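Protein chains: 2
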Amino acid sequence: MDRRKEIILAATRSFSMFGYKATTMDQVAKIAKVGKGTIYTFFSNKEELFQEIVRSTIREMRSEAQAAINPDEPFRIKAHLALMKMLEFREQHALLGKLIEEEKEIRTQAVQEMLFEVEEEIVGFIAAKLKMAIDRGEVRKCDPELVAYMLFKSYVAFVIEWPETRGEPLSEQTIADLFNETLFRGLLA
Amino acid sequence: MDRRKEIILAATRSFSMFGYKATTMDQVAKIAKVGKGTIYTFFSNKEELFQEIVRSTIREMRSEAQAAINPDEPFRIKAHLALMKMLEFREQHALLGKLIEEEKEIRTQAVQEMLFEVEEEIVGFIAAKLKMAIDRGEVRKCDPELVAYMLFKSYVAFVIEWPETRGEPLSEQTIADLFNETLFRGLLA
DNA sequence: GGATTGACCGAAATTGTTTTACGGTCATTG
DNA sequence: CAATGACCGTAAAACAATTTCGGTCAATCC
């Protein structure tokens with residue numbers, strides 16, 4: 001049995017169930033059935049252990065997004081599916097869901113930083129697809145980073161914030177239509 | 001001297017300097033040079049006094065936005081100028097600036113509610129202009145409320161959030177160009 | 001003798017208690 | 001009878017006492 005893997009497994013479960021702050025190194029050691037000192041032979045501190053785990057979750061999210069799209073489809077379809085998939089992942093995945101909750105309620109610094117990395121990954125993913133669409137002439141020339149950022153923020157606004165403040169969520173079709181008739185339309189070459 | 005006016009003046013100064021929570025009714029009474037009980041003959045409680053003041057600030061913001069635009073200009077110009085003006089007002093105005101700070105740090109409920117009204121005012125303002133543009137055939141048919149919401153959220157993202165996370169602010173020209181070439185372009189009839 | 005451990009340390013958070021401050025009232029006052 | 005400020009109950013701040021936790025390292029084990 002691989003001690004390092006056991007530690008990561010235990011920490012993942014604990015972070016997912018209790019969040020970053022409420023997870024103690026003693027707890028992780030106990031679940032992983034190792035001495036607390038052993039953890040520190042693999043990870044220099046709690047935050048590094050945490051970062052490693054979140055970053056592997058981010059890679060998982062990227063894989064799922066990649067798997068959700070078909071390279072042949074137009075950019076607007078790819079962007080919509082990828083954004084919806086990643087936003088859903090962010091909310092549904094046990095670890096990230098717990099972290100979002102913790103950020104809202106406790107504002108743990110380490111958590112804020114990692115959720116920012118999640119955001120960067122999503123924006124970066126969309127920016128890369130957008131750049132490809134520009135290169136192949138499907139989309140007009142524009143700053144992919146800025147437009148990807150706008151897409152991300154707008155999707156978050158409609159998928160997450162709108163239901164929170166206005167009560168009723170918007171259907172996925174409504175959101176897709178809205179973007180098709182405004183932003184994506186303006187992007188067409 | 002008008003007691004009611006004096007009270008509003010005193011409360012405005014106090015809310016602007018110390019925020020909602022840190023303003024006490026004793027403090028307001030002292031500044032206004034009235035007994036505390038007198039305040040309660042005009043306002044039923046602290047929150048109502050606060051609401052009255054914020055709502056008058058909102059009207060002030062609307063006036064400034066209205067004054068900043070020319071009815072003859074195309075929607076994209078009006079929307080840009082109005083959004084920039086209102087976002088600037090929101091950040092620069094002593095009262096609203098203090099409230100934004102208080103919301104971030106203390107999350108006072110009464111403050112959250114009033115800042116939500118500020119947001120609603122901005123979105124409503126843009127939605128109204130958008131509806132007019134649609135009626136006069138300048139802009140394609142769309143849901144004005146949803147598109148105005150997207151505009152607001154995107155502008156906040158670029159004007160306020162981008163500089164906070166990425167360090168460097170974007171020039172107003174960069175922002176205007178970005179929207180002209182994407183969202184506004186997609187809206188054209 | 002290198003890997004593993006958990007008792008141990010100081011800092012930081014939590015808990016429990018006392019004191020203070022505050023929003024709102026209302027009997028008194030001018 | 002409009003205006004006031006002492007007064008009330010609650011809620012928050014302040015303080016003290018206690019516990020918890022991240023990280024270390026001498027002792028232990030294999």
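From first to last, the protein sequence lines are chains V and C. Note that the UniProt record's numbering has the first sequence beginning at 1, numbered continuously upward. Note that the UniProt record's numbering has the second sequence beginning at 1, numbered continuously upward. Where a beta carbon is used, it is the ideal one built from N, C-alpha and C, also for glycine. A quick note: this is a predicted structure, and the numbers were derived from the prediction, not measured.
> Can you tell which of C/LEU151, C/GLY167 and C/PHE15 has its C-alpha closest to the C-alpha of C/LEU87?
Replying inline: Residue numbering aside, residue 87 of chain C sits at position 87 when the second sequence is read from its first letter. Among C/LEU151, C/GLY167 and C/PHE15, the Cα nearest to that of C/LEU87 belongs to C/LEU151.
> If you pair each beta-carbon of the segment 77-95 of chain C with each one of the segment 23-36 of chain C, do three or more pairs fall below 8 angstroms?
Replying inline: no
>> Rounded to the nearest angstrom, what separates C/ILE77 and C/GLN51 at their Cα positions?
In response: For the purposes of this step, residue 77 of chain C is identified with residue 77 of the second sequence, where counting begins at 1. For the purposes of this step, residue 51 of chain C is identified with residue 51 of the second sequence, where counting begins at 1. Taken atom to atom, the span from the alpha-carbon of C/ILE77 to that of C/GLN51 is near 32 angstroms.
> Going along chain V in order, which residues have a C-beta closer than 8 angstroms to the C-beta of C/TYR184?
Replying inline: For this step, residue 184 of chain C is matched to residue 184 along the second sequence. Per the sequence shown, residue 184 of chain C should be read as Phe rather than Tyr. The contacting residues are GLY186.
>> Per the DSSP calculation, C/VAL139 is bridged to which residue(s)?
In response: Taking the first residue of the second sequence as position 1, residue 139 of chain C is located at position 139. Partner(s): C/LEU188.
> Run through DSSP, which three-state label would V/LEU83 get?
Replying inline: For the purposes of this step, residue 83 of chain V is taken as residue 83 along the first sequence, with counting starting at 1. Residue state, collapsed to three classes: helix.
>> Output needed in chain order: residues of the segment 56-82 of chain C with a Cβ under 9 angstroms from some Cβ in chain V.
In response: none
>> Which residues in chain C have a C-beta closer than 8 angstroms to the C-beta of V/LYS85? List them in chain order.
In response: Taking the first sequence and counting its residues from 1, the one referred to as residue 85 of chain V is at position 85. Residues of chain C whose Cβ lies closer than 8 angstroms to the Cβ of V/LYS85 do not exist, since the nearest Cβ in that chain is about 20 angstroms away.
> Between the beta-carbon of V/LEU183 and the beta-carbon of C/LEU183, is there less than 7 angstroms?
Replying inline: What you label residue 183 of chain V is simply residue 183 of the first sequence in a count that begins at 1. What you label residue 183 of chain C is simply residue 183 of the second sequence in a count that begins at 1. Yes; because the gap between Cβ atoms is below 7 angstroms, this pair is in contact.
>> Can you pull the chain C neighbours of V/SER154, defined as C-beta to C-beta under 7 angstroms?
In response: Counting from one through the first sequence, the residue named residue 154 of chain V turns up at place 154. By Cβ distance, chain C contributes MET150, LYS153 and SER154.
> For C/GLU119, which option in C/ILE31, C/ASN180, C/ASP177 and C/ARG62 has the closest C-alpha, if you only look at C-alpha atoms?
Replying inline: Taking the first residue of the second sequence as position 1, residue 119 of chain C is located at position 119. Comparing Cα-Cα distances from C/GLU119 to each of C/ILE31, C/ASN180, C/ASP177 and C/ARG62, the minimum goes to C/ARG62.
> With burial defined as no fewer than 16 other Cβ atoms inside 10 Å of the residue's Cβ, what is the status of C/THR174: buried or exposed?
Replying inline: The residue given as residue 174 of chain C occupies position 174 in the second sequence. Exposed is the call here.
> How many Å lie between C/LEU130 and V/GLU102 at the Cα?
Replying inline: The residue given as residue 130 of chain C occupies position 130 in the second sequence. The residue given as residue 102 of chain V occupies position 102 in the first sequence. Cα-Cα distance, rounded: 38 angstroms.
> Is any beta-carbon of chain C found at less than 7 angstroms from that of V/LEU130?
Replying inline: Walking along the first sequence from the start, residue 130 of chain V turns up at place 130. At a cut-off of 7 angstroms between beta carbons, V/LEU130 makes no contact with chain C.
> Is any beta-carbon of chain C found at less than 7 angstroms from that of V/ALA176?
Replying inline: Walking along the first sequence from the start, residue 176 of chain V turns up at place 176. Output row for V/ALA176: interface = no.
> Exposed or buried, C/ARG90, counting other C-beta atoms within 10 Å across all chains shown (16 or more means buried)?
Replying inline: Here residue 90 of chain C refers to the residue found at position 90 when the second sequence is read from its first residue. Buried is the call here.
>> Suppose you measure from the CA of residue 190 of chain V to the CA of V/ALA189; what does that come to, to the nearest Å?
In response: Residue coverage of chain V in this structure runs from 1 to 189, which leaves residue 190 of chain V outside it and unanswerable.
> Under 7 angstroms between the Cβ atoms of C/ILE53 and C/THR12?
Replying inline: Numbered from its first residue, the second sequence carries residue 53 of chain C at position 53. Numbered from its first residue, the second sequence carries residue 12 of chain C at position 12. Cβ atoms of C/ILE53 and C/THR12: closer than 7 angstroms.
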